[in-house]
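Structure first, commentary second.
4 protein chains.
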Amino acid sequence: MPRVTEEHRERRRRQILDAARSCFARKGFHETSLQDIFKESGLSAGAVYRYFRSKDELIGAIAARSQPLVAALLEEILGEEELPPLDEIVARFAHGVIERMGPSGVVRIAPQAWALAMYNPTIHVAIGGLLGDVRLWWTRVAERLRDEGRLPPDCDPKAVAIVLTSIIPGLILQRLLLGEDADVETTRAGLHALLAVDQRPVEGSAL
Amino acid sequence: MPRVTEEHRERRRRQILDAARSCFARKGFHETSLQDIFKESGLSAGAVYRYFRSKDELIGAIAARSQPLVAALLEEILGEEELPPLDEIVARFAHGVIERMGPSGVVRIAPQAWALAMYNPTIHVAIGGLLGDVRLWWTRVAERLRDEGRLPPDCDPKAVAIVLTSIIPGLILQRLLLGEDADVETTRAGLHALLAVDQRPVEGSAL
Amino acid sequence: MPRVTEEHRERRRRQILDAARSCFARKGFHETSLQDIFKESGLSAGAVYRYFRSKDELIGAIAARSQPLVAALLEEILGEEELPPLDEIVARFAHGVIERMGPSGVVRIAPQAWALAMYNPTIHVAIGGLLGDVRLWWTRVAERLRDEGRLPPDCDPKAVAIVLTSIIPGLILQRLLLGEDADVETTRAGLHALLAVDQRPVEGSAL
Amino acid sequence: MPRVTEEHRERRRRQILDAARSCFARKGFHETSLQDIFKESGLSAGAVYRYFRSKDELIGAIAARSQPLVAALLEEILGEEELPPLDEIVARFAHGVIERMGPSGVVRIAPQAWALAMYNPTIHVAIGGLLGDVRLWWTRVAERLRDEGRLPPDCDPKAVAIVLTSIIPGLILQRLLLGEDADVETTRAGLHALLAVDQRPVEGSAL
DNA sequence: CATGAATGAGGCTTCATTCAT
DNA sequence: GATGAATGAAGCCTCATTCAT
């Protein structure tokens, strides 16, 4: 009985989270009422409240759910012995996010979560953690690149990571607001061109 | 009287918009009630409604306001004859956004606006336009870089622009969610290191 | 100067009342805001308030305005020596109300006023007075008809008046809700047929 | 459970409608706030909104409710084989409306509904339908009277119906605005006197 | 476990009215 | 006399949440 119950509970949780994610992707957090989620999930208010104590907790659970997905993705990308070229790494990451996580609506939810994270501690922890993990991962990548001599030996891996971490959110934003011109291949090509840039010496920054 | 009145109206508009921006930066769009804005602006409901017909219109006006600011910034950056190095351009842009627009709270509002733009047509136009302008500007920059031989002659300027356009939003996000480690100088340094990356040939992408 | 001023005041009053009547006929009392009337009249809030101390007073003034119109109409109808046939009297009354007062929108305002009269003392006085006058007039008509032998000598003129008083409001209602089938000629014909009705003796009412 | 629930829902609907009708009769549609209805019904805002989606819908439901009542009344009046005298028919109708429907407040609501019907499509349909039904019924009555030789063979039943349809609304109005002098018996007497009127020939209408 | 009716605080907005200019 | 910006109470309605069944 405990096993059955536990399975049942888990199935219910998923059922609710899927419904919520779908609503959130379609209408946004704030325009989605719990009534919408009740309807979408086919469950009653009481049932949903048995599994999640508030709307915030529901949002938090959805936000939290992408952490393992992203973690798995990151691990997978670096699974190989040798580090692929940087544009390839970014492309794989983008591909994972857009092609694999995208269809479930997570990508559409991302900007909602970023916005909410600024004022909601729970979401802040979830999203900040996710972004922090990604940046840490890029820092490790930068270190390896530096150690392999593919980045200047005196470079700051964290600084490099900050730039690289920017790309995926920026790409998501462009896809959602400007359309799907901003795709994985284009990003790779753009990055590839950039990495070959002729960095001419400058004698003094204007800043 | 007409002139005075017009000035007065304009002052009121600003007064309301400043109050709203301040509230939105502090609490976010959705947690800010109109009552908050009435209080912050020192005006009554009716007075605010004389200038803006709804909360949405107020948000839209604030979103629309950053377009000229950003346009001016972009124009200013490229004022000089010769194109500065790319990391310098990015740094100037980031500096303008963070140091000049930041204090008024616009930067904190940005993610709210990105999120809202996905479901609110008016905001979509405003924010999409802004982001589109920026990308177009980067496209022009990329063309010049290519023409000056600082990017590969066969590169796609738009692809480059997509990557470069990503950086500022990604940076904003990191600042807001992970803290001010992600600053202008670090970004410049990271980008500088990247642009010198040793792009080793790869015999086949995994994608 | 006093003369000029008085004329001016009177012109303003009319200007406001006409605008108000027009709005009320178009949208109803409650859906018409004072702002609507300011716009329609081309005057400012302050100007209107100089002439009428409240929306209610404005409505009251409009209601009061029809009293002399109706009084004149009634007097005119009975101007002749001999009383016309009853269906003719009703037809003239209906004609006066619908054709002469109708175009200004008064007829469309009537049901609004009836409704308001039930809860607003000022309007109650105005509309009740009007309806009472009409009924009193019909009572006089019934008395004359009885005295001329065209109604049974033992009939109650007031009872007759109550029935006759009903016809015009009922006609207005039908015109407004069911359309203009209910016109003056049809009413006259219907009444004419009824007045010739074969009143067969009944031995006991079911009431 | 289903049966119980359905009954429960129906009871709630009635509870709300009764409360609303009572408020509306007391204060009129516009002076009655939803808060008044919540208080009168003993329910909360949310509860009322579960059953009626807006104040308009509530008003519409009340308006719609009188249609079957009136229909039943009309059917009942003509239940017998032979047509009673016309004044008797009118008296029965008036009696039904005033004595049976009156106490619930419907009669006091009628003028409100007439006024609203002019600008509110839903109410227009409800009230227009009601009035149209009544007029149609009177048309049938007039046809029978004509066929029985109690109205001129060449008369227009619809014209007769228009006059007869006027009486009840006109009576309601007089009761509400001038007091209860205008009662069923007086109306019957007045009509009785009228139907015996000496319709003297006229050589030309003044219209 | 599940249901769904009920709660009620609080949000956005309107509009009659006032008053400094 | 006239203007029209400003006021602020009050209205309608939504929705996260609770709880009796």
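As you go down the protein sequences, you meet chains E, B, L and V in turn.
Here the numbering used here is used: the first residue of the first sequence is 1, the next is one more, and so on.
Here the numbering used here is used: the first residue of the second sequence is 208, the next is one more, and so on.
Here the numbering used here is used: the first residue of the third sequence is 415, the next is one more, and so on.
Here the numbering used here is used: the first residue of the fourth sequence is 622, the next is one more, and so on.
Ideal Cβ placement from N, Cα and C applies to all residues, glycine included.
- The three-state reading of DSSP puts SER104/E in helix, counting H, G and I together.
- Counted as a single uninterrupted DSSP element, the alpha helix (DSSP H) harbouring PRO689/V occupies residues 676 to 698.
- Listed along chain E, no residue sits closer than 9 angstroms to GLY286/B by beta-carbon distance, the nearest being about 10 angstroms off.
- In the structure shown, CYS230/B falls within a helical segment according to DSSP collapsed to helix, strand and coil.
- Taken through DSSP and simplified to helix, strand or coil, SER251/B comes out as coil.
- Residue contact with chain E for CYS230/B: absent (no Cβ-Cβ distance below 8 angstroms to any residue of chain E).
- Distances from the alpha-carbon of VAL97/E to those of ALA71/E, GLU82/E and ASN120/E put ALA71/E closest.
- Of all C-beta pairs linking the region 124 to 141 of chain E to the region 339 to 353 of chain B, fewer than three are shorter than 8 angstroms, placing the two stretches out of contact.
- Chain order gives the chain V residues near GLU445/L as TYR740, where near means a beta carbon separation below 7 angstroms.
- If you check the CB distance, MET325/B and LEU176/E come in under 8 angstroms.
- Spanning the alpha carbons of ARG674/V and GLN656/V requires a straight line of approximately 15 angstroms.
- Contacts with chain E at 8 angstroms (Cβ-Cβ) include LYS234/B.
- Nearest in C-alpha terms to LEU772/V, of all of GLN733/V, PRO706/V and THR807/V, is PRO706/V.
- Positions of the alpha helix (DSSP H) runs, each at least 4 residues long and wholly inside the region 711 to 789 of chain V, are given as 727 to 738 and 742 to 768 in order along the chain.
- Minimum Cα-Cα distance from PHE24/E among the listed residues ALA110/E, LEU74/E and ASP87/E corresponds to ALA110/E.
- Between GLY28/E and ARG647/V, the alpha-carbon positions lie close to 44 angstroms from each other.
- Taking 8 angstroms as the cut-off, the Cβ atoms of ALA271/B and ALA333/B count as close.
- Here GLU709/V is buried, its C-beta having at least 16 other C-beta atoms within 10 Å.
- The Cβ neighbour count for GLY170/E, taken over all protein chains shown within 10 Å, is at least 16; the residue is labelled buried.
- Distance check between SER518/L and each of THR446/L, LEU431/L, ASP568/L and VAL577/L places LEU431/L closest, using alpha-carbon atoms only.
- For LEU398/B, the nearest beta carbon of chain E is closer than 8 angstroms to its own beta carbon.
- Under the three-state reduction of DSSP output, GLU10/E falls in the helix class.
- Secondary structure note for GLY190/E: its alpha helix (DSSP H) is the uninterrupted segment 184 to 195.
- Of all alpha-carbon atoms in HIS302/B, LEU337/B, GLY356/B and ASP388/B, the one lying nearest the alpha-carbon of LEU290/B is that of GLY356/B.
- Cβ-Cβ distances below 6 angstroms link ALA45/E to PHE38 in the same chain, with the five nearest sequence neighbours on each side left out; the list follows chain order.
- ILE788/V belongs to the set of residues whose beta carbon lies under 8 angstroms from a beta carbon in chain L.
- Note that the C-beta distance between ARG13/E and TYR51/E is below 8 angstroms.
- One finds MET532 in chain L with Cβ atoms closer than 9 angstroms to the Cβ of ARG729/V, taken in chain order.
- Within the model, the alpha-carbon separation for LYS262/B versus SER240/B is close to 9 angstroms.
- For the set LEU280/B, GLU238/B, ARG218/B and PRO275/B, the Cα lying nearest the Cα of LEU250/B is the one of ARG218/B.
- Within chain L, the residues ILE581, THR601, GLY604, LEU605 and LEU608 have their CB atoms less than 7 angstroms from the CB of VAL784/V, given in chain order.
- Residue contact with chain B for VAL160/E: present (Cβ-Cβ distance below 8 angstroms to some residue of chain B).
- DSSP places ASP595/L in the coil class of the three-state scheme, outside both helix and strand.
- Residues of chain E whose Cβ lies closer than 9 angstroms to the Cβ of ASP363/B are, in chain order, THR186, ALA189, GLY190 and ALA193.
- In terms of beta-carbon proximity, LEU178/E lines the interface with chain B, with at least one pair separated by less than 8 angstroms.
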